[in-house]
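S.K.:
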Amino acid sequence: MSARFYADVALAAGTSISLPEQTARHVQVLRLQPGERITLFNGRGDTEGEFDATVERMGRSDVDVTIGAWTATAREAARTIHLVVGMPANDRMDWLIEKATELGAASIQPVMSERSVLRLKAERADKKVAHWRGIAIASSEQCGRNRVPLIHDVATLGEWLKKSTAETGAAASNGMRLLLSLQDGSRPLAEAVASTALASFTFLNGPEGGLSPAEEAAALACGFSPVTLGPRVLRAETAPLAALATLLCY
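First residue of the sequence shown: 1, per UniProt numbering; consecutive thereafter.
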């Protein structure tokens with residue numbers, strides 16, 4: 001199997017292109033030579049697929065390739081799952097994004113809440129998001145996905161709730177909204193999912209320490225339903241992945 005690379009450019013069989021700078025750098029790291037085959041994908045279009053390509057020239061900082069045949073694939077999850085996560089501290093968010101990409105998340109929205117340890121603003125937030133998008137690209141290349149999950153800009157939970165509800169027009173119009181909660185009466189996630197034929201889900205999980213009561217109330221008012229993953233309390237970076245795996249099983 002040839003090495004896979006994400007190229008954020010238009011791809012068409014029979015054409016020759018210079019790879020984007022970041023993609024070219026990755027090809028050069030592998031010390032590929034002219035004549036060697038690679039696989040390219042850009043996540044564009046309505047149909048999943050990837051292109052064969054042949055390295056034609058290796059420059060000091062650029063790489064030219066000829067695009068070959070396009071092959072349709074079907075590696076995306078049957079359900080569209082959006083994760084809204086209270087960012088865990090240190091490098092745990094990196095790990096979460098890598099694994100969520102492998103499992104098939106369609107998008108990841110990092111949010112700051114009352115109990116968040118990690119707080120990002122302005123340039124620092126932009127750098128972190130760029131770093132996370134790079135992780136999502138690398139994970140997609142490795143696992144065989146041809147669509148890179150969208151990593152949204154950092155927002156506060158309040159900002160995101162207001163914006164997302166306004167964009168959908170009604171909370172229920174964007175599939176099922178699920179909130180991980182330790183409240184009594186929360187339904188098991190598997191039970192909540194098994195009872196619906198919806199194909200789109202938004203899963204909200206807090207940071208270390210969870211969401212505050214006021215934040216949970218705000219989420220419920222925006223159409224989220226409280227669910228539980230079981231009797232144990234999972235870490236902030238583990239819970240979204242457990243939920244994602246569960247949602248993909250039903």
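We put the CB at the ideal spot given by N, CA and C, even for glycine.
If I measure Cβ to Cβ from L179 and keep anything under 6 Å in the same chain, skipping five residues before and after, which residues do I get?
M.R.: Here residue 179 is taken as the residue at index 179 of the sequence shown, counted from 1. Within the same chain, L179 has close Cβ partners L204, A219, F224, P226.
S.K.: Around the Cβ of S173, are there at least 16 other Cβ atoms within 10 angstroms (buried) or fewer (exposed)?
M.R.: Residue numbering aside, residue 173 sits at position 173 when the sequence shown is read from its first letter. At S173 the pLDDT is 48, less than 50, meaning the model places this residue with poor confidence; the figure from the coordinates comes in the next sentence. Label assigned to S173: exposed.
S.K.: In the DSSP assignment, what residue or residues form a beta bridge with D52?
M.R.: Position 52 of the sequence shown, counting from 1, holds the residue named residue 52. For D52, which the question treats as bridged, DSSP gives the partners T39.
S.K.: Should M112 and T156 be called a contact, given that it needs their Cβ atoms to be closer than 7 Å?
M.R.: As a first step, residue 112 must be located in the sequence shown, where it is residue number 112. As a first step, residue 156 must be located in the sequence shown, where it is residue number 156. A contact, by the Cβ cut-off of 7 Å.
S.K.: Return no unless some Cβ of chain D is closer than 7 Å to the Cβ of P231.
M.R.: Of the protein chains in the structure, only one exists, and it is not chain D.
S.K.: CA-CA distance, N42 and Y6?
M.R.: The residue labelled residue 42 in the question sits at position 42 within the sequence shown. The residue labelled residue 6 in the question sits at position 6 within the sequence shown. Roughly 6 Å between the two C-alpha positions.
S.K.: Using only CA atoms, which one of A77, G158, R31, G49 lies nearest to M58?
M.R.: Within the sequence shown, numbered from 1, the residue matching residue 58 stands at position 58. M58 has its Cα closest to that of R31, out of A77, G158, R31, G49.
S.K.: For W70, which option in V154, G49, P149 has the closest C-alpha, if you only look at C-alpha atoms?
M.R.: Reading the sequence shown from its first residue, position 70 is the one you call residue 70. Considering only alpha carbons, the answer is G49.
S.K.: Within the same chain, show all residues whose beta-carbon is closer than 7 Å to that of A170, passing over the 5 residues directly before and after it, in chain order.
M.R.: Your numbering for residue 170 matches position 170 in the sequence shown. In this predicted model, A170 has a pLDDT of only 45, less than 50, meaning its place in the structure is not dependable enough to derive any value.
S.K.: DSSP three-state label for R79, please.
M.R.: As a working mapping, residue 79 is identified with position 79 in the sequence shown. Here R79 sits in coil by DSSP.
S.K.: To the nearest whole angstrom, what separates the beta carbons of P207 and A236, a pair I think is in contact under 8 Å?
M.R.: Indexing the sequence shown from 1 puts residue 207 at position 207. Indexing the sequence shown from 1 puts residue 236 at position 236. Rounded, the Cβ-Cβ distance is 5 Å, consistent with contact.
S.K.: Run through the DSSP bridge pairs and tell me what V111 is partnered with.
M.R.: Start at 1 with the first residue of the sequence shown, and residue 111 comes out as number 111. In DSSP, V111 forms a bridge with G86, A155.
S.K.: Tell me the rounded alpha-carbon separation between residue 299 and P188.
M.R.: No statement about residue 299 is possible, as the shown extent of the chain runs from 1 to 250 and does not include it.
S.K.: Please work out which residues of its chain come closer than 7 Å, Cβ to Cβ, to P34, disregarding the five sequence neighbours upstream and downstream, and give them in chain order.
M.R.: Within the sequence shown, residue 34 is the residue found at index 34, counting from 1. V55, E56, R57, M58, listed in sequence order.
S.K.: Using a Cβ distance threshold of 8 Å, determine whether the segment 84 to 104 contacts the segment 132 to 145, with at least three qualifying pairs required.
M.R.: Counting Cβ pairs under 8 Å, three or more are found: they touch.
S.K.: On the criterion of 16 or more Cβ atoms from any shown chain inside 10 Å, does Q109 qualify as buried, or is it exposed?
M.R.: On the sequence shown, residue 109 is found 109 positions in, with the first residue counted as 1. So Q109 counts as buried.
S.K.: So what does F203 bridge to, in DSSP terms?
M.R.: Translated into the one-based positions of the sequence shown, residue 203 becomes position 203. According to DSSP, F203 bridges with L83, L178.
S.K.: Taking its Cβ as the centre, do 16 or more other Cβ atoms sit within 10 Å of A197, making it buried, or is it exposed?
M.R.: Indexing the sequence shown from 1 puts residue 197 at position 197. Classification for A197: exposed.
S.K.: Given a threshold of 16 other Cβ atoms within 10 Å of its Cβ, counted over all protein chains shown, does E21 qualify as buried or as exposed?
M.R.: Stepping through the sequence shown from its first residue, residue 21 is reached at position 21. So E21 ends up on the exposed side.
S.K.: Between the C-alpha atoms of G68 and T23, what's the straight-line distance to the nearest angstrom?
M.R.: Walking along the sequence shown from the start, residue 68 turns up at place 68. Walking along the sequence shown from the start, residue 23 turns up at place 23. Roughly 17 Å separates the two Cα atoms.
S.K.: Quick one: give me the first and last residue of the beta strand (DSSP E) that A69 is part of.
M.R.: Locating residue 69 in the sequence shown gives position 69, where the first residue counts as 1. Where A69 is concerned, the enclosing beta strand (DSSP E) stretches over 63 to 72.
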